[in-house]
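Counting along the sequence shown from 1, when you hit position 106 you're at 1234 in our numbering, and nothing is skipped either side. Idealized CB from N, CA, C, for every residue including glycine. Note that the structure is predicted; figures quoted are calculated from it, not measured. What follows is one structure encoded as structure tokens, with my remarks underneath.
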Amino acid sequence: MTKKVQDVYSFLIPMIENSLLLPNATVAEIVPFMNVDLMEDAESSDDWQIGQIVWRNIKIPVVSLERVQGKKDLGELRRSRIAIVYTLNGNQEIPYIAIMVQGIPRLVPVDENNSQILEEDLPKGVKAWADLEGRKALIPDLDLLENMLSERAS
């Protein structure tokens, strides 16, 4: 008797060039960009940490995944959103990471019938590429982002 793999409901969230794929259990909330305190030269620099946001009275670092990958463009900031994501390692110093995203997320079921992991080069910050019903999406390396933020804080 074979056991059917359960759907993993996930958010498919547009970014500048790609879409981000995150299980909905890892996403605390998607919030507007308007409450982000940008670093002084965030728009002109290459820095991947572009600022911070106060969410539920917690200061959370805002990360541009595109910048982690070496791209410079931040897109249209006024139209951006922030995905507040739980970190995975129980780090009390960094319980959340705020990832800059561009569009409105869609909740999608992901299972073995509608998705597959792609064998492609993985830029920094990308754990895997997935094909979800013919649409390429990136799965972020949350461990790496958490480690990068921990190193910066120390």
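Taking Arg1263 as the reference, give the member of Leu1250, Ala1281, Leu1149, Gln1134 with the closest Cα.
For this step, residue 1263 is matched to residue 135 along the sequence shown. Nearest of Leu1250, Ala1281, Leu1149, Gln1134 to Arg1263, Cα basis: Leu1149.
Taking the Cβ atom as the reference point for each residue, do Phe1161 and Pro1233 lie within a distance shorter than 8 Å?
Taking the first residue of the sequence shown as 1, we reach residue 1161 at position 33. Taking the first residue of the sequence shown as 1, we reach residue 1233 at position 105. No; because the gap between Cβ atoms is not below 8 Å, this pair is not in contact.
Could you check whether Ala1156 and Val1212 sit closer than 8 Å to each other, using their CB atoms as the reference points?
Start at 1 with the first residue of the sequence shown, and residue 1212 comes out as number 84. Start at 1 with the first residue of the sequence shown, and residue 1156 comes out as number 28. A quick correction: the sequence has Ile, not Val, at residue 1212. Yes, Cβ-Cβ distance for Ile1212 and Ala1156 is below 8 Å.
With distances taken Cα to Cα, identify the nearest neighbour of Ile1267 among Pro1151, Gln1134, Val1136, Tyr1137.
Start at 1 with the first residue of the sequence shown, and residue 1267 comes out as number 139. It is Pro1151.
Anticipated Cβ contact below 8 Å, Gln1134 with Arg1280, distance rounded:
Residue numbering aside, residue 1134 sits at position 6 when the sequence shown is read from its first letter. Residue numbering aside, residue 1280 sits at position 152 when the sequence shown is read from its first letter. The pair is not a contact, with the Cβ atoms about 37 Å apart (cut-off 8 Å).
Under three-state DSSP, which class holds Met1228?
Position 100 of the sequence shown, counted from the start, is the residue given in the question as residue 1228. In this structure, Met1228 counts as strand in the three-state DSSP scheme.
Going by other Cβ atoms of all chains shown within 10 Å of its Cβ, with 16 needed for buried, is Gly1253 buried or exposed?
Along the sequence shown, read from residue 1 onward, the residue named residue 1253 stands at position 125. Burial call: buried.
When the Cα of Leu1235 is compared with those of Ala1153, Asn1146, Pro1251, Asp1174, which residue comes out closest?
Position 107 of the sequence shown, counting from 1, holds the residue named residue 1235. The shortest C-alpha separation from Leu1235 is found at Ala1153.
Provide the residue(s) that pair with Ser1147 in DSSP beta bridges, ordered along the chain.
Looking up residue 1147 in the sequence shown gives position 19. Partner(s): Pro1142, Ala1265.
Can you tell me where the beta strand (DSSP E) with Ala1073 in it begins and where it stops?
Outside the displayed span of the chain (1129 to 1282) sits residue 1073, for which this structure offers no information.
Would you mind reading off the limits of the beta strand (DSSP E) that contains Arg1195?
In the sequence shown, the residue the question calls residue 1195 occupies position 67. That residue, Arg1195, is in no beta strand (DSSP E); its alpha helix (DSSP H) goes 1193-1196.
Measure the Cβ-Cβ separation of Met1276 and Glu1194 and say whether it is below 8 Å.
Residue mapping note: residue 1276 aligns to position 148 of the sequence shown, counting from 1. Residue mapping note: residue 1194 aligns to position 66 of the sequence shown, counting from 1. No.
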